[in-house]
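Participant:
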Amino acid sequence: MERTGLSGAFVRAQARFVDWLIQRDLRRCFRAVYVRGARPDADRPLILFANHHYWWDGYLGYWLIRSWRRRMLVWMESYRRFPPFHAVGALPFPANNPQIRAHTVRRTVQALNREPAALLLFPEGALHGDTERLLPFQRSLHWLACRAPQAMLLPLAIHIEPCYHQYPRAFLSVGAPFASEATDASEWLAAAADALQNLLRQTRADARAGVDDAQHAAQGFQVLLRGARSIHERF
Numbered sequence: 008m009e010r011t012g013l014s015g016a017f018v019r020a021q022a023r024f025v026d027w028l029i030q031r032d033l034r035r036c037f038r039a040v041y042v043r044g045a046r047p048d049a050d051r052p053l054i055l056f057a058n059h060h061y062w063w064d065g066y067l068g069y070w071l072i073r074s075w076r077r078r079m080l081v082w083m084e085s086y087r088r089f090p091p092f093h094a095v096g097a098l099p100f101p102a103n104n105p106q107i108r109a110h111t112v113r114r115t116v117q118a119l120n121r122e123p124a125a126l127l128l129f130p131e132g133a134l135h136g137d138t139e140r141l142l143p144f145q146r147s148l149h150w151l152a153c154r155a156p157q158a159m160l161l162p163l164a165i166h167i168e169p170c171y172h173q174y175p176r177a178f179l180s181v182g183a184p185f186a187s188e189a190t191d192a193s194e195w196l197a198a199a200a201d202a203l204q205n206l207l208r209q210t211r212a213d214a215r216a217g218v219d220d221a222q223h224a225a226q227g228f229q230v231l232l233r234g235a236r237s238i239h240e241r242f
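Heads up, the sequence shown is in the numbering used here, so the first residue is 8 and it goes up one at a time.
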C-alpha cells in the first residue's frame with residue numbers, strides 16, 4: 008500500500024536524500040560506471056545475483072536498477088546504522104536475529120509475487136576481497152527461485168578496474184537469464200555460481216581491453232554514470 012500524508016512525504020524525502028547521496032559518492036569516486044547487457048522485461052520481477060567483492064556493490068547495483076526504473080529490494084545486514092536506506096528498498100537482515108531475517112525473506116517473496124520489483128542478492132553471503140573467485144553460494148538464491156518462479160534470474164558481474172587516471176572505473180555486466188534443470192539444490196547453486204563466475208571472468212578481461220569510452224563501447228559497454236576527472240584534466 009502506498010503511503011500517504013506526512014509519513015509518505017517523509018519517506019519520499021528520505022528516498023531523494025539517499026538517491027542524491029549514492030549519486031554524489033559514485034560521481035566523486037569513479038571516473039565512470041559502465042554497463043552492458045539487455046534491458047530486462049519490464050513486466051517480470053527480477054532477482055539479480057551478484058558477486059560481492061567491493062564495498063561499492065550495493066551502490067552500483069542500486070544505480071543500475073534505478074536506470075531500469077524498478078523498485079529495488081536488497082537485504083542489508085547493517086540496516087540499523089543506515090535506516091534512511093529503507094526508502095530505496097533496503098530491508099533489515101541482521102546476522103544475530105533470525106526472526107527479523109525470516110520476516111525480511113517473507114516480505115521479499117511477497118513483493119516478487121506481487122509486482123515487478125528487482126531484488127539485488129549477494130548469494131556468497133559475505134563481502135570478501137578475493138576478486139578471482141566466488142565463495143560457495145548460500146541456499147537463499149535457490150529457495151527464492153522456488154518460491155517466486157515467475158522471477159527472472161539474472162547474473163550480475165561487478166568489476167572495478169584501476170586505470171591510469173586518478174579514479175577507477177566500474178563495470179557491470181548483466182548476463183543471460185539463468186535456468187538449470189538440476190533438481191538437487193547444491194547442483195543448482197553450483198551451476199548458478201559457474202554462470203556468474205564465467206560472466207565475471209569475461210567482464211574483467213573486456214574491461215582491461217580498453218582505456219577510453221570508444222574502446223569500451225567496442226566491447227559492448229555503455230556509460231551508465233559519468234564521474235570525476237583526474238586533477239591533471241581539471242587544471
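Don't be surprised by glycine CBs; every beta carbon is placed ideally from N, CA and C.
Helix, strand or coil, according to DSSP, for S74 in the structure here?
Facilitator: S74 falls in the helix class under three-state DSSP.
Participant: Can you tell me whether L163 is helix, strand or coil according to DSSP?
Facilitator: In the structure shown, L163 sits in a strand (DSSP, three-state: E or B).
Participant: To the nearest angstrom, how far is the alpha carbon of A186 from that of R146?
Facilitator: Near 16 angstroms, if we compare the C-alpha coordinates of R146 and A186.
Participant: Thinking C-beta only, is F56 closer than 8 angstroms to L163?
Facilitator: Result yes, Cβ atoms of L163 and F56 sit closer than 8 angstroms.
Participant: From this set, V112, M79, A109 and P105, which residue's C-alpha is nearest A97's C-alpha?
Facilitator: Checked all of V112, M79, A109 and P105; the closest Cα to A97 is M79.
Participant: Quick check: the segment 215 to 222 against the segment 108 to 116, are at least 3 beta-carbon pairs closer than 8 angstroms?
Facilitator: As far as the Cβ criterion goes, the segment 108 to 116 does not touch the segment 215 to 222, which means the pair count is below three.
Participant: Helix, strand or coil, according to DSSP, for E194 in the structure here?
Facilitator: Reduced to three states, the DSSP call for E194 is helix.
Participant: What does DSSP give as the partner residues of R121 in its beta bridges?
Facilitator: Answer is none; R121 lacks a bridge partner.
Participant: Would you identify the three-state DSSP class for R31, choosing helix, strand or coil?
Facilitator: Looking at R31 - three-state DSSP - the assignment turns out to be helix.
Participant: Quick one: measure Cβ to Cβ for F100 and W82, integer angstroms, because I've assumed they're closer than 8 angstroms.
Facilitator: Confirmed, about 4 angstroms.
Participant: Identify the residues that DSSP records as bridge partners of L55: which are they?
Facilitator: Its beta-bridge partners are L127 and L161.
Participant: In or out: F24 buried (at least 16 other Cβ within 10 Å) or exposed?
Facilitator: Exposed is the call here.
Participant: Output the boundary residues of the alpha helix (DSSP H) element that contains R154.
Facilitator: Start and end: S147 to R154.
Participant: Could you pull out every unbroken alpha helix (DSSP H) segment of at least 4 residues lying fully inside the segment 164 to 240, listed in chain order?
Facilitator: Within the segment 164 to 240, the complete alpha helix (DSSP H) runs of at least 4 residues are 192 to 215 and 220 to 225.
Participant: Pop quiz: L126 and L28 are said to be a contact at Cβ under 8 angstroms. What is the actual Cβ separation, rounded to whole angstroms?
Facilitator: Actually they are not in contact, since the Cβ atoms of L126 and L28 sit about 21 angstroms apart, beyond 8 angstroms.
Participant: Decide if E9 is buried, meaning its Cβ has at least 16 other Cβ atoms within 10 Å, or exposed.
Facilitator: Legend: pLDDT at E9 = 49, less than 50; position of this residue unreliable, value from coordinates given subsequently. So E9 counts as exposed.
Participant: I'd like to know if the segment 57 to 66 and the segment 127 to 135 are in contact, where contact means that at least 3 CB-CB pairs between them fall below 8 angstroms.
Facilitator: Yes, they touch.
Participant: Do you know how far the Cα of N58 is from the Cα of Q204?
Facilitator: Their backbone Cα atoms lie some 8 angstroms apart in a straight line.
Participant: Using the Cα positions of Y174 and Y86, report the straight-line distance between them to the nearest angstrom.
Facilitator: Straight-line Cα distance between these residues: approximately 28 angstroms.
Participant: Just reading off the beta strand (DSSP E) that P91 is part of, what are its end residues?
Facilitator: No beta strand (DSSP E) holds P91; DSSP gives it neither H nor E.
Participant: In angstroms, rounded to a whole number, what distance separates the CA positions of P90 and Q229?
Facilitator: Straight-line Cα distance between these residues: approximately 32 angstroms.
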